[in-house]
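K.L.:
Before anything else, here's the structure in question.
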Amino acid sequence: MRDVLVMGMGTSGLVAALRCQEAGLKVTLLAKGVGSTHLAPGTIDVLGYDPELVENPSEALPRFADRNPEHPYARIGADVVARSLEWFSERFDGYRYTGSVDENFLLPTAIGSIKPSTLVPETLAAGDLRKGGRLLFVGLRQLKDFYPALTAQNVANAKTPSGADISARAVQIEPPISGEADVTGLALARKFDDPGFLDAVATQISALVDGDEAVGLPAVLGLRRPREVWEGLQEALGRPVFEIPGLPPSVPGVRLHEILVAQFESAGGRVVVGAEAVGADTEGDRVTAVRVAAAARIKPFVARHFVLATGGFGSGAIEMTSSWKVRENVFDLPVMGVPADGQRFSPRYFDRQPMGRAGIRIDDSLHPLDGSGRRLYANLTVVGACIAGSEAWREKSGEGISLSSGYKAATTVIEEAM
Numbered sequence: 026m027r028d029v030l031v032m033g034m035g036t037s038g039l040v041a042a043l044r045c046q047e048a049g050l051k052v053t054l055l056a057k058g059v060g061s062t063h064l065a066p067g068t069i070d071v072l073g074y075d076p077e078l079v080e081n082p083s084e085a086l087p088r089f090a091d092r093n094p095e096h097p098y099a100r101i102g103a104d105v106v107a108r109s110l111e112w113f114s115e116r117f118d119g120y121r122y123t124g125s126v127d128e129n130f131l132l133p134t135a136i137g138s139i140k141p142s143t144l145v146p147e148t149l150a151a152g153d154l155r156k157g158g159r160l161l162f163v164g165l166r167q168l169k170d171f172y173p174a175l176t177a178q179n180v181a182n183a184k185t186p187s188g189a190d191i192s193a194r195a196v197q198i199e200p201p202i203s204g205e206a207d208v209t210g211l212a213l214a215r216k217f218d219d220p221g222f223l224d225a226v227a228t229q230i231s232a233l234v235d236g237d238e239a240v241g242l243p244a245v246l247g248l249r250r251p252r253e254v255w256e257g258l259q260e261a262l263g264r265p266v267f268e269i270p271g272l273p274p275s276v277p278g279v280r281l282h283e284i285l286v287a288q289f290e291s292a293g294g295r296v297v298v299g300a301e302a303v304g305a306d307t308e309g310d311r312v313t314a315v316r317v318a319a320a321a322r323i324k325p326f327v328a329r330h331f332v333l334a335t336g337g338f339g340s341g342a343i344e345m346t347s348s349w350k351v352r353e354n355v356f357d358l359p360v361m362g363v364p365a366d367g368q369r370f371s372p373r374y375f376d377r378q379p380m381g382r383a384g385i386r387i388d389d390s391l392h393p394l395d396g397s398g399r400r401l402y403a404n405l406t407v408v409g410a411c412i413a414g415s416e417a418w419r420e421k422s423g424e425g426i427s428l429s430s431g432y433k434a435a436t437t438v439i440e441e442a443m
């Protein structure tokens with residue numbers, strides 16, 4: 026029997042599994058596939074809007090939690106959020122993250138909007154727009170998912186809290202890729218791991234930069250050795266270089282995923298991919314096993330403690346039927362925040378969606394609760410996007426919730442198991 030079974034390998038599941046394994050517990054991490062890391066930009070966004078732009082999450086979080094008592098942060102606690110960020114920052118020696126809970130970077134997106142982020146890979150940090158500056162956005166002709174002219178135009182028109190001036194322009198280069206007219210970001214990232222390819226790109230960019238411009242490229246600067254690639258390009262150009270995350274699969278997200286999985290396996294953890302949790306066996310207030318579909322059969326996974334990190338509507342972990350019934354698919358946990366009747370969704374994308382905060386209600390230890398506030402299972406914790414109470418896309422809080430809830434769930438499991 027394993028000590029802990031974690032279902033789902035997005036940020037929340039990976040963090041919970043890694044902390045438990047490093048604490049000396051025997052952990053199995055199972056998932057039907059890779060998690061949300063491959064869709065996300067690789068940054069940790071704690072709280073970007075409340076509803077206006079948040080410049081200091083540390084100051085904003087206590088007030089935000091007081092006004093939103095059912096929000097995941099109200100259950101997790103601002104102090105745990107801060108500790109989880111510190112723990113996370115220490116995980117990466119060769120691919121460092123920078124930042125703190127006391128400030129938000131303002132980073133350009135691929136379409137030139139500005140996104141507040143709390144912890145960011147150092148390869149993205151020089152794109153911080155808070156102090157303005159002169160920027161050169163470089164497109165790679167074979168990469169059709171990045172349009173530098175669009176990015177530059179929108180960034181140049183952006184407004185920052187300080188009112189700092191931003192100038193931006195765009196250029197296009199053609200890296201030495203033979204026989205490929207259209208390549209993916211992942212394919213380009215692998216090519217950048219080749220020093221010869223990097224040198225050829227640096228030579229082309231050097232002829233186009235002007236003055237003190239910082240140079241922005243799509244986030245493809247290496248997959249296995251991004252820090253060396255990034256530092257090498259900065260040295261060759263003699264100026265700051267930064268990456269801009271683009272469409273999935275996200276190269277910074279893939280880097281994050283592979284680093285955390287490697288650390289988990291190095292610590293002795295077991296990873297099972299291609300296995301979907303489809304049900305559970307329980308006795309009273311305890312889960313005894315999770316039923317997993319793999320290789321055309323159902324197999325029970327037995328453990329002492331369980332962590333549900335399967336996600337929300339986006340991953341299919343929470344589903345709505347054609348008759349408007351909503352259910353969580355593994356433990357059949359009650360889903361809170363579902364309107365009793367009336368409109369469930371707004372036809373306007375940027376409106377507040379009535380179903381936007383639906384999910385699993387939790388207590389302060391992240392155990393699931395029923396509608397009356399009664400704890401359902403003593404050895405099950407719930408983390409990440411399946412927790413009720415947030416509108417992560419609007420708040421820019423998704424990875425912050427995932428990181429801090431995974432961190433706190435591990436604390437709960439470690440305290441109860443040891």
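Quick note on this note's numbering: the sequence shown kicks off at 26 and runs consecutively.
All C-beta atoms in this analysis are idealised placements derived from N, C-alpha and C, irrespective of residue type, glycine included.
#1: In whole angstroms, what separates the C-alpha of Pro-76 from that of Asp-219?
#2: Tell me, please, whether the segment 26-39 touches the segment 408-428 by the rule of three or more beta-carbon pairs shorter than 8 Å.
#3: Can you find the residues in the same chain that come closer than 6 Å, C-beta to C-beta, to Gly-423, ignoring five residues on each side of it along the sequence?
#4: Can you check DSSP and say which residues form a bridge with Arg-27?
#5: So the alpha helix (DSSP H) Phe-222 belongs to, where does it begin and stop?
#6: Determine the DSSP secondary structure at Ser-114, reduced to helix, strand or coil.
#7: Keeping to the same chain, check which residues put their C-beta closer than 8 Å to that of Ala-187; ignore five residues upstream and five downstream.
#8: Compute the distance between the beta-carbons of Val-29 and Ala-410, then report whether it is under 9 Å.
#9: Curious, which full-length alpha helix (DSSP H) runs of at least 4 residues does the segment 240-276 contain?
#10: Given Glu-365, which residues of its chain have a CB within under 7 Å of its CB, disregarding the five upstream and five downstream residues?
#11: Enumerated in chain order, which unbroken segments of the beta strand (DSSP E) with a length of 3 residues or greater are wholly contained in the segment 371-443?
#12: Out of Pro-277, Phe-375, Leu-405, Leu-64, point me to the one whose CA is closest to Leu-333's CA.
#13: Once the 5 residues before and after Lys-216 are set aside, which same chain residues still bring their CB inside 6 Å of it?
#14: Beta-carbon separation of Leu-213 and Ile-230 under 9 Å?
#15: Taking the alpha-carbon positions, what's the Cys-45 to Val-438 distance?
#16: Quick one: which unbroken beta strand (DSSP E) runs of 3-plus residues sit fully inside the segment 274-362? Chain order, please.
#17: Going straight from the alpha carbon of Val-196 to that of Phe-338, what length do you get?
#18: If you compare alpha carbons, which of Ala-321, Pro-270, Ile-412, Tyr-122 is closest to Arg-252?
#19: Enumerated in chain order, which unbroken segments of the alpha helix (DSSP H) with a length of 4 residues or greater are wholly contained in the segment 156-211?
#20: Answer with buried or exposed for Arg-280, where buried requires no fewer than 16 other C-beta atoms within 10 angstroms of its C-beta.
#21: Determine the burial state of Trp-255: buried for a count of at least 16 other Cβ atoms within 10 Å of its Cβ, exposed for fewer.
#22: What are the start and end residues of the beta strand (DSSP E) that includes Pro-141?
#23: With C-beta atoms as the reference, is Pro-274 less than 9 Å away from Thr-209?
#24: What does the alpha-carbon distance come out to for the pair Val-407 and His-392?
#25: Per DSSP, which residues does Ile-69 bridge with? Please list them.
#26: Candidates Asp-153, Ala-227, Val-145: which alpha carbon is nearest Gly-164's?
P.N.:
If we stick to the structure as given:
#1: The sequence position of residue 76 within the sequence shown is 51, counting from 1. The sequence position of residue 219 within the sequence shown is 194, counting from 1. Using only the alpha carbons, I get a separation of about 44 Å.
#2: yes
#3: Looking up residue 423 in the sequence shown gives position 398. Same-chain partners within the cutoff: Ala-417.
#4: For the purposes of this step, residue 27 is taken as residue 2 along the sequence shown, with counting starting at 1. Beta-bridge pairing links Arg-27 to Ala-328.
#5: On the sequence shown, position 197 is the one that residue 222 refers to. Counting along the chain, the alpha helix (DSSP H) containing Phe-222 begins and ends at 220-231.
#6: Locating residue 114 in the sequence shown gives position 89, counting from the first residue. Three-state result, Ser-114: helix.
#7: In the sequence shown, counting from the first residue as 1, residue 187 sits at position 162. A small correction: the amino acid at residue 187 is Ser; Ala does not occupy that position in the sequence shown. Excluding positions up to five away in sequence, the list reads Arg-155, Lys-156, Gly-157.
#8: Position 4 of the sequence shown, counting from 1, holds the residue named residue 29. Position 385 of the sequence shown, counting from 1, holds the residue named residue 410. Cβ distance not < 9 Å, so Val-29 and Ala-410 don't count as in contact.
#9: 251-262
#10: By one-based count along the sequence shown, residue 365 stands at place 340. Reading off the sequence shown, one finds Ala at residue 365, where the question assumed Glu. So no residue of the chain qualifies.
#11: 405-407
#12: One-based indexing of the sequence shown puts residue 333 at position 308. The candidate whose alpha carbon is nearest that of Leu-333 is Leu-405.
#13: Indexing the sequence shown from 1 puts residue 216 at position 191. Once the five neighbours on either side are set aside, the close Cβ partners of Lys-216 are Phe-222.
#14: In the sequence shown, residue 213 corresponds to position 188, counting from 1. In the sequence shown, residue 230 corresponds to position 205, counting from 1. Their beta carbons are not under 9 Å apart, which means Leu-213 does not touch Ile-230 by this criterion.
#15: On the sequence shown, position 20 is the one that residue 45 refers to. On the sequence shown, position 413 is the one that residue 438 refers to. For Cys-45 and Val-438, the distance between alpha carbons rounds to 7 Å.
#16: 295-298, 301-308, 311-319, 322-333, 343-345, 351-353
#17: In the sequence shown, the residue the question calls residue 196 occupies position 171. In the sequence shown, the residue the question calls residue 338 occupies position 313. Spanning the two alpha carbons is a distance of roughly 39 Å.
#18: Counting from 1 along the sequence shown, the entry for residue 252 is found at position 227. Checked all of Ala-321, Pro-270, Ile-412, Tyr-122; the closest Cα to Arg-252 is Tyr-122.
#19: 173-181
#20: As a first step, residue 280 is located in the sequence shown; it is residue number 255 there, counting from the start. The residue is buried, with at least 16 neighbouring Cβ atoms inside 10 Å.
#21: As a position in the sequence shown, residue 255 is number 230, starting the count at 1. Buried, since its Cβ has 16 or more Cβ neighbours within 10 Å.
#22: Against the sequence shown, residue 141 aligns to sequence position 116. Per DSSP, Pro-141 belongs to the beta strand (DSSP E) from 139-142.
#23: For the purposes of this step, residue 274 is taken as the residue at position 249 of the sequence shown. For the purposes of this step, residue 209 is taken as the residue at position 184 of the sequence shown. Yes.
#24: For this step, residue 407 is matched to residue 382 along the sequence shown. For this step, residue 392 is matched to residue 367 along the sequence shown. Their Cα atoms are separated by approximately 6 Å.
#25: Counting from 1 along the sequence shown, the entry for residue 69 is found at position 44. The partner list for Ile-69 (beta bridge, DSSP) reads Leu-144.
#26: The sequence position of residue 164 within the sequence shown is 139, counting from 1. Cα-wise, what sits closest to Gly-164 is Ala-227.
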